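S.K.: Going down the list, the sequences are from chains A and B. To convert, note that position 34 of the first sequence is 32 in this note's numbering; the numbers rise steadily by one, no gaps. So this note's numbering is basically just the index in the second sequence, starting at one, shifted up by 219. All C-beta atoms, glycine included, are put in the ideal place defined by N, C-alpha and C. Being a predicted model, the structure only gives us computed values, none of them experimental.
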Amino acid sequence: MKWFLSFAISLLFLPLFSQEDAIAKHFDQYLSDATFKSVYVSPKMFDVIATSDIEKMDPEVKALIKNLRGLRVLQREGQSGVALYKEANKKLMAAKYDELMTLNENNEQIRFYTMGPGKKVQELLLMVAGPNRFLMLTMVGDIDLNAVAKLSKNLNLQGADYLDKVKSR
Amino acid sequence: MEAINRKEIETLLQRYFEAETDVHEERRLKTYFNSGEIDPSFEVYRDFFVLTHHDQSIEISDAFERRLMDKISPAPVIRIGIRRVLAIAASLALIVAAGWWVISQRNSDEATQVVMEDTYDDPEEAYRQVTAALALMSSTMDKGQQMTIQSVAPAQELDVIQMN
Chain A
-1 MKWFLSFAIS LLFLPLFSQE DAIAKHFDQY LSDATFKSVY VSPKMFDVIA TSDIEKMDPE
59 VKALIKNLRG LRVLQREGQS GVALYKEANK KLMAAKYDEL MTLNENNEQI RFYTMGPGKK
119 VQELLLMVAG PNRFLMLTMV GDIDLNAVAK LSKNLNLQGA DYLDKVKSR
Chain B
220 MEAINRKEIE TLLQRYFEAE TDVHEERRLK TYFNSGEIDP SFEVYRDFFV LTHHDQSIEI
280 SDAFERRLMD KISPAPVIRI GIRRVLAIAA SLALIVAAGW WVISQRNSDE ATQVVMEDTY
340 DDPEEAYRQV TAALALMSST MDKGQQMTIQ SVAPAQELDV IQMN
């Protein structure tokens, strides 16, 4: 009976163990939508990256990657992302995500969301919506917001260029 | 007559002890041994057939069956309390529910399996993607600091992204 009880209880909590990002949880219908491009890097792949000897790996990036367990990108181009942005905001607020920062740039709305208390968050989500595109990217793990913020000083990468690199699955 | 009779009995006895006699022959033997005119050489078998005959006449008294039944204890009646029945029903329902849940969960897992598929097989490519994503996040945070921040949630989280 004890065995059965523990079995039943573990079944009950099973879904809680599988940590999912906001996109998989709340926007999964777009992942199978052909008008969207999506990217996923799994926990397993993060393990591989962390243990591989990739040349010129930025030590700060490496330190961050060690604590990451997933990256997902959802992107659509050629259409206004504003309606989607509004819908996503509603969903994320309802899902108790914390708004970290909102800004407007070049006619685009940008917003950061976090999940988890303090400066080390469990999820960091960035959403960009403009008249011609929608972009959402989120990473899960133990994310040090300070470390992420400091990166730009050292990384010689233009974030905007990255958008062109998003490959379709 | 006597000789024929004797020979016949002898044959019957032989068959009898070899278990080859039929009902008629056995009856014949019993009649002979009960007749009182037995050949002295068959005397040793007399008791056997007479006794057998006697045993058959034993009758069971009417009370016997009743007394026998009294000796046999009544078959135990299995009593299952209502609580136990409910408990069994509940655990069965739980097992069925758990099974159904696992199956439905597995189905949904299959659906999300596509969603959970790695985009990159090459760790280096994945690394570039992750780095680019981090760079975008970082530079956007940086911009947010330099631009007018329109709305910022908890104050202590603003400190987090102040980098100077």
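Shortest alpha-carbon distance to A/Leu133 belongs to which of A/Arg109, A/Glu58, A/Pro57, A/Asn144?
M.R.: Ranking the options by Cα distance to A/Leu133, first place goes to A/Arg109.
S.K.: List the residues of chain A whose Cβ lies closer than 9 Å to the Cβ of B/Asp337, in chain order.
M.R.: Those within 9 Å of B/Asp337 in chain A are Tyr38, Val39, Ser40, Lys42, Met43.
S.K.: Jot down the residue ranges of each uninterrupted alpha helix (DSSP H) in the stretch 29 to 109 of chain A, minimum 4 residues, whole runs only, in chain order.
M.R.: Runs of the alpha helix (DSSP H) inside the stretch 29 to 109 of chain A: 41 to 49, 57 to 64, 80 to 92.
S.K.: Determine, using beta carbons only, whether A/Ala147 comes closer than 8 Å to chain B.
M.R.: So yes, A/Ala147 belongs to the interface.
S.K.: Per DSSP, what kind of secondary structure is B/Asp241 in: helix, strand or coil?
M.R.: Correct three-state label for B/Asp241: coil.
S.K.: Alpha carbon to alpha carbon, how far is B/Asp281 from B/Leu231? Give it in angstroms, no decimals.
M.R.: Approximately 37 Å between the Cα atoms of the pair.
S.K.: Run through chain A and tell me which residues come within less than 9 Å of B/Glu343, C-beta to C-beta.
M.R.: Within 9 Å Cβ-Cβ: Ile47, Ser50, Ile52, Glu53.
S.K.: Output needed in chain order: residues of the stretch 343 to 362 of chain B with a Cβ under 7 Å from some Cβ in chain A.
M.R.: Flagged, chain order: Glu343, Ala345, Tyr346, Gln348, Val349, Thr350, Ala351, Ala352, Leu353, Ala354, Leu355, Met356, Ser357, Ser358, Thr359, Met360, Asp361, Lys362.
S.K.: With respect to the alpha helix (DSSP H) encompassing B/Thr359, which residues constitute its N-terminal and C-terminal limits?
M.R.: From DSSP, the alpha helix (DSSP H) with B/Thr359 extends over 342 to 365.
S.K.: Does A/Val80 have its Cβ less than 8 Å from a Cβ in chain B?
M.R.: It does not: the Cβ of A/Val80 has no partner Cβ on chain B nearer than 8 Å.
S.K.: From A/Ala61 to A/Asp140, what does the alpha carbon distance come to, in whole angstroms?
M.R.: About 11 Å.
S.K.: For the stretch 87 to 106 of chain A, which residues have a CB atom closer than 7 Å to at least one CB atom of chain B, in sequence order?
M.R.: Within the stretch 87 to 106 of chain A, the qualifying residues are Asp96, Glu97, Leu98, Met99, Thr100, Leu101, Asn102, Glu103.
S.K.: Name the residues in the stretch 128 to 140 of chain A whose C-beta lies less than 8 Å from a C-beta of chain B; which are they?
M.R.: Within the stretch 128 to 140 of chain A, the residues whose Cβ lies closer than 8 Å to some Cβ of chain B are Leu135, Met137, listed in chain order.
S.K.: Going by DSSP, what residue range makes up the alpha helix (DSSP H) through B/Phe283?
M.R.: Looking at the DSSP string, the run of the alpha helix (DSSP H) that includes B/Phe283 is 281 to 290.
S.K.: If I follow the unbroken beta strand (DSSP E) through A/Ala127, where does it start and stop?
M.R.: First-last of the beta strand (DSSP E) with A/Ala127: 118 to 127.
S.K.: For the stretch 53 to 74 of chain A, list every residue whose C-beta sits within 8 Å of some C-beta in chain B, in sequence order.
M.R.: Listed by position along the chain: Met55, Asp56, Val59, Leu62, Ile63, Leu66, Leu69, Val71.
S.K.: Determine, for A/Leu122, whether the minimum Cβ-Cβ distance to residues of chain B falls below 8 Å.
M.R.: Closer than 8 Å to some Cβ of chain B, the Cβ of A/Leu122 qualifies, so yes.
S.K.: Please confirm if the stretch 19 to 39 of chain A is in contact with the stretch 62 to 76 of chain A, defined as three or more CB-CB distances below 8 Å between the two stretches.
M.R.: Because the criterion of three Cβ pairs below 8 Å is met, the stretch 19 to 39 of chain A and the stretch 62 to 76 of chain A touch.
S.K.: Between which two residues does the alpha helix (DSSP H) holding A/Ile21 run?
M.R.: Per DSSP, A/Ile21 belongs to the alpha helix (DSSP H) from 20 to 24.
S.K.: Report the rounded CA-to-CA distance for A/His24 versus A/Lys42, giving the unit in angstroms.
M.R.: Distance between the alpha carbons of A/His24 and A/Lys42 is about 22 Å.
S.K.: Taking 8 Å as the cut-off, does the stretch 44 to 56 of chain A touch the stretch 346 to 356 of chain B (at least 3 CB pairs, one atom from each stretch)?
M.R.: Touching, per the Cβ criterion.
S.K.: Helix or strand or just coil, what does DSSP make of B/Val269?
M.R.: Residue state, collapsed to three classes: helix.
S.K.: On the three-pair Cβ rule with 8 Å, is the stretch 84 to 98 of chain A touching the stretch 110 to 117 of chain A?
M.R.: The stretch 84 to 98 of chain A is in contact with the stretch 110 to 117 of chain A.
S.K.: Could you name the residues of the same chain whose beta carbon sits closer than 6 Å to that of A/Thr33, not counting the 5 residues immediately before and after it, in chain order?
M.R.: Excluding residues within five positions, the ones whose Cβ falls inside 6 Å are Arg74.
S.K.: Here's the rule: buried if 16 or more other CB atoms are within 10 angstroms of the residue's CB, otherwise exposed. What is B/Asp340?
M.R.: Its Cβ having fewer than 16 others within 10 Å, B/Asp340 is exposed.
S.K.: Quick check on DSSP: helix, strand or coil for B/Ile314?
M.R.: B/Ile314 falls in the helix class under three-state DSSP.
S.K.: On the DSSP bridge list, what partners appear for A/Thr136?
M.R.: A/Thr136 is bridged to A/Arg70, A/Leu123.
S.K.: Which of the three DSSP states is assigned to B/Tyr235 in this structure?
M.R.: Helix, per DSSP.
S.K.: Indicate whether the contact test is met: 3 or more Cβ pairs, each with one atom in the stretch 251 to 262 of chain B and one in the stretch 234 to 241 of chain B, closer than 8 Å.
M.R.: The stretch 251 to 262 of chain B, when compared against the stretch 234 to 241 of chain B, does not touch it at the 8 Å Cβ threshold.
S.K.: May I have the straight-line CA-CA distance separating B/Ser310 from B/Ala294, to the nearest angstrom?
M.R.: Whole-angstrom Cα-Cα distance: 29 Å.
S.K.: Excluding the 5 residues flanking A/Ser57 on each side, which residues of the same chain have their C-beta closer than 6 Å to its C-beta?
M.R.: Here the sequence assigns Pro to residue 57 of chain A, which means Ser is not the residue at that position. There are no such residues.
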